[in-house]
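Residue numbers (the numbering used here): 452 to 588.
Here's the structure, in structure tokens; my notes come after.
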Ligand code: ZN
């Protein structure tokens, strides 16, 4: 089941400059930064009452984030939902005709298992399901 909004991913060109800008805006510092090899990105996370804002920058030219920025510029990239059983949530989506980018979960940031749904099936919104490792079912 999907239980909450986990994070909003924002595609940025320059992670350091964007961190500064969002720090000023939110009045807090980012609390976490990591490179996610499966997505070829480096992220910086801000927590607003438990909802994460994830600034996401490409680490290589063939990163999905680089392709997104080349096509559409910086901006909101995806919305991620916390799942308490990601495999069954993916199956449920598939059974309802939703096209998946990740047929099964892959390792994401914050030690979560993640999977993306294809925006052509979701009204143009790139959605991500994510499940903290300890809650795998
Ligand atoms: Zn994400």
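Backbone N, C-alpha and C define an ideal beta-carbon position, used for all residues, glycine too.
Would you say the beta carbon of residue 536 comes nearer than 6 Å to a heavy atom of ligand 1? Taking the chain shown and counting its residues from 1, one reaches residue 536 at position 85. Checking every heavy atom of ligand 1 against the Cβ of residue 536, none is found closer than 6 Å.
Around the C-beta of residue 507, are 16 or more other C-beta atoms found within 10 angstroms, so that it is buried, or is it exposed? Along the chain shown, one-based indexing puts residue 507 at 56. Buried, since its Cβ has 16 or more Cβ neighbours within 10 Å.
With DSSP as the reference, label residue 497 as helix, strand or coil. For the purposes of this step, residue 497 is taken as the residue at position 46 of the chain shown. In this structure, residue 497 counts as strand in the three-state DSSP scheme.
If we count Cβ pairs, one from each stretch, closer than 8 Å, do we get three or more for the region 537-556 versus the region 469-477? Counting Cβ pairs under 8 Å, fewer than three are found: no touch.
Cβ of residue 525 versus every heavy atom of ligand 1: is any distance shorter than 6 Å? Residue 525 sits at position 74 when you count from the first residue of the chain shown. Every heavy atom of ligand 1 is 6 Å or more from the Cβ of residue 525, so no.
With which residues is residue 583 paired in a DSSP beta bridge? Walking along the chain shown from the start, residue 583 turns up at place 132. Note: residue 583 sits in a beta bridge opposite 563.
Taking 6 Å as the cut-off, is the CB of residue 460 close to at least one heavy atom of ligand 1? Position 9 of the chain shown, counting from 1, holds the residue named residue 460. Yes.
What whole-angstrom Cβ distance do residue 452 and residue 536 have, given they're in contact under 8 Å? As a first step, residue 452 must be located in the chain shown, where it is residue number 1. As a first step, residue 536 must be located in the chain shown, where it is residue number 85. So it is a contact: roughly 7 Å between Cβ atoms.
Which term fits residue 556, buried or exposed, when burial requires 16 or more other beta carbons within 10 angstroms of its beta carbon? Here the question's residue 556 lines up with position 105 in the chain shown. With a 10 Å radius around the Cβ and a threshold of 16 neighbouring Cβ atoms, residue 556 comes out buried.
So is the beta-carbon of residue 579 under 6 Å away from any non-hydrogen atom of ligand 1? Counted from its first residue, the chain shown places residue 579 at position 128. Yes - ligand 1 has a heavy atom lying nearer than 6 Å to the Cβ of residue 579.
Beta-carbon proximity check, residue 517 vs residue 458, cutoff 7 Å: The residue labelled residue 517 in the question sits at position 66 within the chain shown. The residue labelled residue 458 in the question sits at position 7 within the chain shown. Not in contact: residue 517 and residue 458 (Cβ atoms no closer than 7 Å).
Cβ-heavy atom distance between residue 531 and ligand 1 below 6 Å? Here the question's residue 531 lines up with position 80 in the chain shown. Yes, Cβ of residue 531 sits closer than 6 Å to a heavy atom of ligand 1.
Same chain, Cβ closer than 8 Å to residue 562, five either side skipped, listed in chain order: Mapped onto the chain shown, residue 562 falls at position 111. These residues qualify, in order along the chain: 583 and 584.
In three-state terms, what does DSSP make of residue 556? Here residue 556 corresponds to residue number 105 of the chain shown, with the count starting at 1. It is coil, neither helix nor strand.
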